[in-house]
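> I have a structure here, written as structure tokens, and I will follow up with some questions on it.
Number of protein chains: 2
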Amino acid sequence: MTATPPPRVTIKDVAARAGVSKGAVSLAFNRKPGLSEATRDRIFRAARELGWAPSSTARTLAGSRVDVVGLAVCRPARLLGLEPFYMEFISGVESVLVERSCSLLLRLVRGQDEEVGLMESWWRGRQIGGSILVDFRADDPRPAVAGRLGLPAVAVGHPSLTGGLTSVWTDDATAVTEAVRYLAALGHRRIARVGGAAALGHTSIRTAAFDEAVRALEPAARAWQVATDFSGDAGARATRSLLTAAPPERPTAIVYDNDIMAVAGLSVAAEMGLRVPEDVSLLAWDDSQLCRLTHPTLSAMSHDVHGFGADVARTLFGVITGEGPGSHPVPTPVLTPRGSTAPPKV
Amino acid sequence: MTATPPPRVTIKDVAARAGVSKGAVSLAFNRKPGLSEATRDRIFRAARELGWAPSSTARTLAGSRVDVVGLAVCRPARLLGLEPFYMEFISGVESVLVERSCSLLLRLVRGQDEEVGLMESWWRGRQIGGSILVDFRADDPRPAVAGRLGLPAVAVGHPSLTGGLTSVWTDDATAVTEAVRYLAALGHRRIARVGGAAALGHTSIRTAAFDEAVRALEPAARAWQVATDFSGDAGARATRSLLTAAPPERPTAIVYDNDIMAVAGLSVAAEMGLRVPEDVSLLAWDDSQLCRLTHPTLSAMSHDVHGFGADVARTLFGVITGEGPGSHPVPTPVLTPRGSTAPPKV
DNA sequence: AATAGAGACTTTACCGGTTTAGCAAGGGCT
DNA sequence: AGCCCTTGCTAAACCGGTAAAGTCTCTATT
Chain A
4 MTATPPPRVT
14 IKDVAARAGV
24 SKGAVSLAFN
34 RKPGLSEATR
44 DRIFRAAREL
54 GWAPSSTART
64 LAGSRVDVVG
74 LAVCRPARLL
84 GLEPFYMEFI
94 SGVESVLVER
104 SCSLLLRLVR
114 GQDEEVGLME
124 SWWRGRQIGG
134 SILVDFRADD
144 PRPAVAGRLG
154 LPAVAVGHPS
164 LTGGLTSVWT
174 DDATAVTEAV
184 RYLAALGHRR
194 IARVGGAAAL
204 GHTSIRTAAF
214 DEAVRALEPA
224 ARAWQVATDF
234 SGDAGARATR
244 SLLTAAPPER
254 PTAIVYDNDI
264 MAVAGLSVAA
274 EMGLRVPEDV
284 SLLAWDDSQL
294 CRLTHPTLSA
304 MSHDVHGFGA
314 DVARTLFGVI
324 TGEGPGSHPV
334 PTPVLTPRGS
344 TAPPKV
Chain B
4 MTATPPPRVT
14 IKDVAARAGV
24 SKGAVSLAFN
34 RKPGLSEATR
44 DRIFRAAREL
54 GWAPSSTART
64 LAGSRVDVVG
74 LAVCRPARLL
84 GLEPFYMEFI
94 SGVESVLVER
104 SCSLLLRLVR
114 GQDEEVGLME
124 SWWRGRQIGG
134 SILVDFRADD
144 PRPAVAGRLG
154 LPAVAVGHPS
164 LTGGLTSVWT
174 DDATAVTEAV
184 RYLAALGHRR
194 IARVGGAAAL
204 GHTSIRTAAF
214 DEAVRALEPA
224 ARAWQVATDF
234 SGDAGARATR
244 SLLTAAPPER
254 PTAIVYDNDI
264 MAVAGLSVAA
274 EMGLRVPEDV
284 SLLAWDDSQL
294 CRLTHPTLSA
304 MSHDVHGFGA
314 DVARTLFGVI
324 TGEGPGSHPV
334 PTPVLTPRGS
344 TAPPKV
């Protein structure tokens, strides 16, 4: 991969122009002591005049900071494109990286092995200074790998899943419980949940919490749960199979693990001639803009995904600068009622 | 940004283990002539045993290739998250980068000035070996900047917009024309288009093509066009204003510039008590999975966004390796009829 | 037999920074 | 006056590679 070399101005040019040595320029730009005010000023002026900024490549090689953070996402491209979650999350991460003039190295991987290998080579090759780890599973290998390598990482997921890594997480259990209670308060007693990928840790957490929350209702209450792959198609299939039963055997409310599946569910209900929310209530999760674009609008468990990403990035900087492991909960999603939920009419 | 240093194995270790000099290892790993088969093998074996791979940072500094390509995207986070287009595009780009063990440096910027500055600093700092430029506007400054810097770049957009840069583009004009002809063939004579951001070059192209296509129909045909910001909200507003008029003054078909706005349009129609497709036909653009999740399903101008991204990446590699400027059209979107289009009943 | 040339490596000089050791000048203290 | 600290800065080594020039050994040529 070669190309026209860019016109280069290096630290040497700056040093020459300021009449000092390379070392002095380096000291100035790293705000280290040992330079007089006057010299420092002269150096900065020279740099400004030459339009120079230290090369992050050279800096990295010389063994100081690495101003790139890594993120590997492991979901099929087709789903990713559709999931409003990730782009918003990434944009949140970016928003704080930019402040620190850091960049995000993004890679879509096909499996955890690939991700682990990538982390290792990124870290050993000093390509990244730290990493964001998402989509935790039970017995996830990544905390061990990060530990072994000494790779600064923050895990996006409940502490019970992230094996001692610093974690940033939403309280899914509480959120699920709130969702169930809300539907119960509306009068629903037959509640279903169309969950995400079963292998994912947060899915298990939600599944357990959902079970428990429904069980805590009166004995007559009934629960269904289906696992999917987060795709709209899967959401549609799950909804179809839940709604085919005759009324007493049919849920009157369905909670979805993301927005896409809820949208799909809405369309399945229409296709089956069921009215939303009269015949069946639907509750989405994440609350992207999509929820306000359907008819009826979708009630949803709503959270600030952008802010979530920003928190994750800030936490990562903490880890990189040596903070010990910690657990950082972000605000629990809150219920945002819209047009797709109502008391059951059946 | 400091942290526990990774346990490092360098080219020197590999050289020692293989009993050769650093130079030999470098020759082997760059597939350059001057080594015997036997030595080459010994070197690779040693590297494998030590788990070594050349540090891309050091390589970059030493003045050879830079194995990172840059992409700056300039749209508000809120929209980006929702646009299935970008993530799918990125995943297509990635798919090609991975083969060449290249990485993608992604940055969300707020304006073109910021983007231009970013490109300049990325390139001068040798952070990237080339760049993908998207969202061209009329009189876009980026071709000039890329030219001045000698930055290898590929422009995603019609050659008329990309000022001599190598471009990869979809033939929007033909696609729009096909969309209009299809609707006309169904019997529509009052056709509207809810377009994207007016400042964007491809929006202008579609707008002009739409006008012309409708004018080419019989004189009685009528056209409406509205510009938006690509958001679902804007799409909903535009649709609402188009559909409030009484039948003779109301379009019987609406073409949207992306999927999100079409989904929003669908819900507006429902909210206004209009049936789709009986009272109004809706045609989406891009054809993400979303189009199959609504009820009725959305007819759409469909293209392979993932493949598009892959083409762009491949083209960029061409530019980086010195290919002269060129124009690379990708397949024109094709009409995929579904449930949201039909002959007008009014 | 002398010479040239090719093949297989090694040496060495960078790339653009950081960092440590060292040094000269000035000030305070005894 | 002599000694020890600071302060402010420079010189040189180093990070992990690449690339050009140099060395050595063989074989082919004249």
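Going down the list, the protein sequences come from chains A and B.
Sequential numbering of the first sequence, starting at 4, is according to the working numbering.
Sequential numbering of the second sequence, starting at 4, is according to the working numbering.
From the three backbone atoms N, C-alpha and C, an ideal C-beta is built for every residue, glycine too.
The structure displayed is predicted, hence computed values, not measured ones.
Counting Cβ pairs closer than 8 angstroms, one from the segment 259-278 of chain B and one from the segment 292-300 of chain A, do we hit at least three?
Yes: the two stretches touch, three or more of their Cβ pairs being nearer than 8 angstroms.
> Taking A358/B as the reference, which of A241/B, R43/B and D16/B has the closest Cα?
Since the first residue shown for chain B is 4 and the last is 349, residue 358/B is missing from the structure and cannot be characterised.
> Tell me, please, whether the CB atom of A75/A is closer than 8 angstroms to any CB atom in chain B?
Position 72 of the first sequence, counted from the start, is the residue given in the question as residue 75/A. No - not a single Cβ of chain B is within 8 angstroms of the one on A75/A.
> DSSP beta-bridge partners for G133/B?
In the second sequence, residue 133/B corresponds to position 130, counting from 1. DSSP output for G133/B lists V72/B as bridge partner(s).
> Can you list, in chain order, the residues of the segment 169-199 of chain B whose Cβ is nearer than 7 angstroms to any Cβ on chain A?
Within the segment 169-199 of chain B, no residue qualifies.
> Using 10 angstroms around the beta-carbon of A202/B, count the other beta-carbons present and answer buried if the total reaches 16, otherwise exposed.
For this step, residue 202/B is matched to residue 199 along the second sequence. Flag for A202/B reads exposed.
> Can you tell which of L338/B, I46/B and R78/B has the C-alpha that lies nearest to the C-alpha of E118/B?
Walking along the second sequence from the start, residue 118/B turns up at place 115. Measuring from the Cα of E118/B, the nearest candidate turns out to be R78/B.
> Using a Cβ-Cβ cut-off of 8 angstroms, state whether V266/A counts as contacting chain B.
As a position in the first sequence, residue 266/A is number 263, starting the count at 1. With 8 angstroms as the cut-off, V266/A counts as an interface residue toward chain B.
> Anything in the segment 267-280 of chain A with a Cβ closer than 7 angstroms to a Cβ of chain B? List those residues in chain order, please.
Residues passing the 7 angstroms Cβ filter: A267, S270, A273 and E274.
> Answer with yes or no whether the minimum CB distance from M90/B to chain A is below 8 angstroms.
The sequence position of residue 90/B within the second sequence is 87, counting from 1. Output row for M90/B: interface = yes.
> Nearest to L136/A by CA position, among G160/A, A49/A and V12/A, is which residue?
The sequence position of residue 136/A within the first sequence is 133, counting from 1. Nearest option by C-alpha distance: G160/A.
> Tell me the DSSP secondary structure of M304/A in three-state form.
On the first sequence, position 301 is the one that residue 304/A refers to. Three-state DSSP puts M304/A in a strand.
> What's the call for V337/B, buried or exposed, on a 16-neighbour Cβ count within 10 Å?
For the purposes of this step, residue 337/B is taken as residue 334 along the second sequence, with counting starting at 1. By the neighbour-count rule (16 or more Cβ atoms within 10 Å), V337/B is not buried but exposed.
> Using a beta-carbon distance below 8 angstroms, is S58/B in contact with chain A?
Taking the first residue of the second sequence as position 1, residue 58/B is located at position 55. Chain A, which has a Cβ nearer than 8 angstroms to the Cβ of S58/B, makes this yes.
> Sorted by chain position, which residues of the same chain lie with C-beta nearer than 6 angstroms to D289/A's C-beta, five sequence neighbours on each side aside?
Residue 289/A sits at position 286 when you count from the first residue of the first sequence. Excluding residues within five positions, the ones whose Cβ falls inside 6 angstroms are F88, N261 and D262.
> Can you name the residues that DSSP bridges to D289/A?
Within the first sequence, numbered from 1, the residue matching residue 289/A stands at position 286. Partner(s): S305/A.
> Is it a yes or a no for the segment 49-59 of chain B touching the segment 123-136 of chain A, going by three-plus beta-carbon pairs under 8 angstroms?
Result yes; three or more Cβ-Cβ pairs closer than 8 angstroms.
> Give the interface partners of G235/A over in chain B, defined as CB-CB distance under 9 angstroms, in chain order.
Taking the first residue of the first sequence as position 1, residue 235/A is located at position 232. Correct list: Q292, L293, R295 and L296.
> Please check if any C-beta of chain A sits within less than 8 angstroms of the C-beta of A141/B.
Start at 1 with the first residue of the second sequence, and residue 141/B comes out as number 138. Chain A, which has no Cβ nearer than 8 angstroms to the Cβ of A141/B, makes this no.
> Mind checking P144/B: buried by the 16 CB within 10 Å criterion, or exposed?
Reading the second sequence from its first residue, position 141 is the one you call residue 144/B. Answer is exposed; the Cβ neighbour count stays below 16.
> Sort A158/B, F233/B, R127/B and H306/B by Cα distance to L152/B and report the nearest one.
On the second sequence, position 149 is the one that residue 152/B refers to. Of A158/B, F233/B, R127/B and H306/B, the residue nearest in Cα terms is R127/B.
> Nearest chain A C-beta to S330/B closer than 8 angstroms, yes or no?
Residue numbering aside, residue 330/B sits at position 327 when the second sequence is read from its first letter. No, no contact with chain A.
> Between G329/A, P346/A, T339/A and D282/A, which has its C-alpha nearest S163/A's C-alpha?
As a first step, residue 163/A must be located in the first sequence, where it is residue number 160. Out of G329/A, P346/A, T339/A and D282/A, G329/A has the C-alpha closest to the C-alpha of S163/A.
> Look up G198/B in the DSSP assignment and give the residues it is bridged to.
Within the second sequence, residue 198/B is the residue found at index 195, counting from 1. A230/B.
> Can you confirm whether G37/A, when its beta carbon is compared against all beta carbons of chain B, has any partner nearer than 8 angstroms?
Residue 37/A sits at position 34 when you count from the first residue of the first sequence. Closer than 8 angstroms: no.
> Short of 7 angstroms Cβ to Cβ, which residues in the segment 103-118 of chain B face chain A?
Listed by position, the residues of the segment 103-118 of chain B near chain A (Cβ gap below 7 angstroms) are S106, L107, L108, L109, R110 and L111.
> Looking at V179/A: is its Cβ nearer than 8 angstroms to the Cβ of R209/A?
Along the first sequence, one-based indexing puts residue 179/A at 176. Along the first sequence, one-based indexing puts residue 209/A at 206. Cβ atoms of V179/A and R209/A: closer than 8 angstroms.
> How far does the beta strand (DSSP E) with S106/B in it reach, from first residue to last?
Counted from its first residue, the second sequence places residue 106/B at position 103. Here the beta strand (DSSP E) through S106/B covers S106 to L111.
> So is L286/A in contact with chain B if we call contact Cβ pairs under 8 angstroms?
In the first sequence, counting from the first residue as 1, residue 286/A sits at position 283. Chain B contact via Cβ: absent.
> I'd like to know if the segment 102-116 of chain B and the segment 63-72 of chain B are in contact, where contact means that at least 3 CB-CB pairs between them fall below 8 angstroms.
These segments touch.
> Quick check: is the beta carbon of G128/A nearer than 8 angstroms to any beta carbon in chain B?
Sequence index remark: in the first sequence, residue 128/A carries index 125 (1-based). So yes, G128/A belongs to the interface.
> What is the residue span of the alpha helix (DSSP H) that P340/B lies within?
For the purposes of this step, residue 340/B is taken as the residue at position 337 of the second sequence. Taken as a continuous stretch (DSSP letters only), P340/B belongs to no alpha helix (DSSP H), as it is neither H nor E.
> Taking only the alpha-carbon atoms, compute the straight-line gap between T344/B and M90/B and give it to the nearest angstrom.
On the second sequence, residue 344/B is found 341 positions in, with the first residue counted as 1. On the second sequence, residue 90/B is found 87 positions in, with the first residue counted as 1. Cα to Cα, T344/B sits roughly 27 angstroms from M90/B.
> Where does D138/A land, buried or exposed, given buried means 16+ other C-beta within 10 angstroms?
The residue you call residue 138/A lines up with position 135 of the first sequence. D138/A comes out buried.
> Let me check understanding here. Comparing Cα to Cα, which of P155/A, A195/A and G204/A lies closest to D214/A?
To locate residue 214/A, count along the first sequence from 1; it is residue 211. Nearest C-alpha to D214/A: A195/A.
> By the DSSP assignment, the beta strand (DSSP E) with V12/B in it spans what residues?
Taking the first residue of the second sequence as position 1, residue 12/B is located at position 9. Premise fails: V12/B is in no beta strand (DSSP E) and is neither H nor E.
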